[in-house]
Every structure is written in structure tokens, then in C-alpha cells.
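Here the sequence shown stands for residues 8 to 210, where the numbers follow the working numbering.
Positions of the beta carbon are idealized from the N, C-alpha and C atoms, including for glycine.
Notes to accompany the following structure.
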Amino acid sequence: MIPTAILLEKGASSLHADIGEILFHEDSMATFYYQLLSGRVRLSNFLSDGREVLHNVICANEGFGEVAILDNGVYTVTAITDSSCTLLKISSKKFIEIIYEYGNLHRLVSQKMARELHFKLFMIKLIYNRSPEEILSNLIQKLNESKRLVCQECNRLMLTRQQLANMTGLRVETIIRTMKQMDKEDKLNIIRGKVFVPADGID
């Protein structure tokens with residue numbers, strides 16, 4: 008989102024993280040903005056019983072942590088690497104300097120936050136649906152239309168059944184059963200355990 012050259016010029020540092028590493032915890036002070044160069048990062052909350060509530064999956068060339076910085080507060084989620092990752096991180100002070108120095112970046116950050124709010128409201132409405140098939144159909148179609156977490160080359164859904172369960176509140180068993188039914192109805196394709204979205208989307 009922010010050009011790498013600008014981040015490095017302003018003092019960003021590079022770091023490598025293995026899968027499963029925690030970059031920051033929910034309720035910790037927002038001290039850094041992160042930008043992902045390679046890999047994936049999950050943004051989640053964890054309930055008292057250990058269950059994970061998955062809000063977002065960050066992919067390469069996307070940033071995270073800016074909302075808490077602009078709110079001058081704490082991170083509202085825990086950031087966990089979903090694969091081996093390479094990132095840049097920069098202090099909250101320097102991040103603020105960048106977005107005020109470069110007006111176009113301020114606008115891009117605002118647009119990103121607006122998209123994330125739109126998706127959050129979409130998810131809130133979605134999880135009140137009583138039909139697991141409608142929940143999954145609408146979520147996958149939304150991801151496909153926004154070109155997120157669906158491979159643009161092969162149309163593979165880049166989320167596991169467990170991650171879909173963590174996003175929707177459905178049980179993993181329900182996800183599996185519903186997807187098998189959707190496969191039978193040609194609403195999606197399951198090949199060797201991998202889920203593929205039809206080229207023209209889900210009816």
C-alpha cells in the first residue's frame with residue numbers, strides 16, 4: 008500500500024517471521040505499522056474458551072495496524088503469521104508523518120479503512136443468516152468479486168475450512184457438509200480437497 012522506498016527512507020526495518028508467530032497482541036499499545044512483503048497474516052480475536060474469531064487475512068503488499076495508530080490507542084486484534092513472512096515495520100510516529108506528508112497515501116489509507124468497514128458490516132449481516140449455504144455462498148462470492156483470497160489464476164479459494172468456520176461462526180463439520188452439497192450442485196468445485204470457485208462466480 009505504501010511504497011517500500013518511502014517506508015525505508017523513513018526508517019522502516021525489515022523482519023522475517025515463521026508461521027505461527029505473534030506480531031502483536033490484542034489490547035497492546037499500537038506502536039508499529041506493518042506492511043507485508045510476502046506471506047500471509049491473520050487478524051483475529053480469541054475468546055475465553057480458546058476459539059478464534061477471524062476478521063481478516065492480510066496478503067502480500069497489504070498493510071495493517073493503521074487503525075489503532077490513527078485512534079492513538081491499542082490494537083483491537085492479535086496479528087499471527089499464517090505462513091513464513093517477510094515484513095516491514097515502522098513506528099507509529101513515522102507512519103503518521105508519512106500519511107500527512109504524502110496526501111495521496113492519506114487518501115489510500117482512508118479508502119482501505121472504508122473497504123474494511125464495509126466488509127465488517129457485510130460480515131455482521133451475514134452471520135445472522137440461518138442458512139449455512141447462503142452464508143458460504145455470499146462470503147465466497149464477496150471475496151471473489153473483491154479479488155481477495157481467491158487465486159486470480161486458478162480460482163482456488165485460499166481459506167481453509169477451519170478459517171471459514173472462524174470467520175462465520177459455523178462449525179467446521181457444517182462447513183464441510185455444506186461445501187460437499189454445494190459441490191454436488193455445481194456451485195463450487197472440490198478437487199483433491201481444494202475448493203475452486205466457478206469462473207463466473209456462485210449462482
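Alpha-carbon spacing of residue i relative to residue j, whole angstroms
i: Glu104; j: Gly176; result: 39 Å
i: Thr85; j: Asp56; result: 16 Å
i: Met174; j: Val157; result: 15 Å
i: Gln42; j: Gly27; result: 17 Å
i: Ala12; j: Ser20; result: 12 Å
Continuous alpha helix (DSSP H) stretch holding residue i: start and end
i: Ser91; result: No alpha helix (DSSP H) contains Ser91, which DSSP labels as neither H nor E.
i: Val116; result: 110–134
Reduced DSSP secondary structure (H/G/I, E/B, other) of residue i
i: Ile76; result: helix
i: Glu59; result: strand
i: Gly70; result: strand
i: Met36; result: strand
i: Ile183; result: helix
i: Ile9; result: coil
i: Ser45; result: strand
Distance cut-off 7 Å: residue i Cβ against heavy atoms of the ligand GTP
i: Ala12; result: The ligand GTP is absent from the structure shown, which contains no ligand whatsoever.
Bridge-paired residues (DSSP) for residue i
i: Thr83; result: Partner(s): none; Thr83 has no beta bridge.
i: Arg168; result: DSSP, once it has assigned bridges, lists no residue as partnering Arg168.
i: Ser98; result: Phe39
Residue range of the beta strand (DSSP E) that includes residue i
i: Val48; result: 48–53
i: Ala24; result: 20–24
i: Asn196; result: 196–198
Does the structure place the segment 98–118 close enough to the segment 66–79 that three or more beta carbon pairs sit under 8 Å? yes
Stretch pair the segment 185–194 + the segment 129–149: three plus CB contacts closer than 8 Å: yes
Looking at C-beta atoms only, is the number of pairs between the segment 163–170 and the segment 187–206 that lie closer than 8 Å three or more? yes
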